[in-house]
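Have a look at the structure below before the remarks.
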Amino acid sequence: MATVKFEDISYTYNKNTPYAATALSDINITVSGNGITGLIGHTGSGKSTLVQMINGLIKPTSGKVYIDGVDIWAEPKKIRNVRFKAGLVMQYPEHQLFAETVEEDIAFGPRNMGLSGDALKERIMEAVRFSGLSPELLSKSPFELSGGQKRRVALAGVMAMGPEILILDEPAAGLDPGGRRDILGKIKSYARESGTCVIIVSHSMEDMAMYCDDLIVMAGGKVIMHAPTAEVFTHSEKLLSVGLDVPQITKIAVALGRNGIDIGEDIYTVGFAAERLLGKEK
């Protein structure tokens, strides 16, 4: 299982200029395992800056990023290899599609890793399965596809590289509810089956509650909480104080408790609430 460690990380945009702005300050966290870690925070909290450090798109102003105990900037000339190990899917990744066919787009990353022939074909088909794409689409132009299909092509292109760490910045942004459930469900299955460490950045508290095993909460360039999902949502007042929301069902559970029906404030999904309520009726 891959492990990412941030040690004393700080980052300043436009350093040594009148426009200098601190984006991250004194970050010390470790993410490991084959589950899904959610990264939440208000706009400007530093989420995207932090995840772009994992595969070396941004170098810390100070501090170190380790993957499996190795400082990724120890040998700057080899930072390209880090990007094969830690795959990053940016927000609205369909804007990054460029090849003539879906198959060529998915093959771009693994081909640059040196794969060819049957090994390349196997990677492509495995990524197609994980992302939920229909194999019939492989010969089509990615620009003929729907928004949701384009999103899956971009995701498959990163999955095909077989990363140990998969980072997704708002993977369900702009999709309808059915599309959100489908693509996030596929990502959850991928994490479980492949053993990949998945990190998701999102503003949707419902999505984070439903699909993440643990959450990192950021505010003002700092990590203010890192705990299992259920534990994070017991701190609803703290989340609200930094401009974040909590799932609607959590608000209902808190309101029920104030009115004498205590099912606990660690409720963060409708299914969990139903289990608690039915358990109390027995």
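Read in the working numbering, the sequence shown has 111 at position 116, and its numbers run on one by one without any break.
Every residue, glycine too, gets a C-beta built ideally from N, C-alpha and C.
If you're wondering where the values come from, they're calculated on a predicted model, not measured in any experiment.
Query: DSSP beta-bridge partners of E2; Result: K59
Query: Whether C192 touches E226 by CB criterion (8 angstroms); Result: no
Query: Simplified DSSP assignment, three categories, for T7; Result: strand
Query: Neighbourhood of G174 by C-beta distance below 6 angstroms, restricted to the same chain and skipping five residues each side; Result: G143
Query: Nearest candidate by alpha-carbon position, reference L140, set R187, H90, G51; Result: H90
Query: P71 (DSSP reduced to helix, strand or coil); Result: helix
Query: Where V(-1) falls, given that 16 or more other Cβ within 10 Å makes a residue buried; Result: buried
Query: I256, enclosing beta strand (DSSP E) - first and last residue; Result: No beta strand (DSSP E) contains I256, which DSSP labels as neither H nor E.
Query: K277, DSSP secondary structure in three states; Result: Only weak support exists for where K277 lies, its pLDDT of 42 falling under 50; the value from the coordinates is given anyway. Coil, per DSSP.
Query: CA nearest to the CA of L251, picked from L235, D240, R271, V237; Result: R271
Query: Contact between the stretch 35 to 43 and the stretch 235 to 248 (3+ Cβ pairs under 8 angstroms); Result: yes
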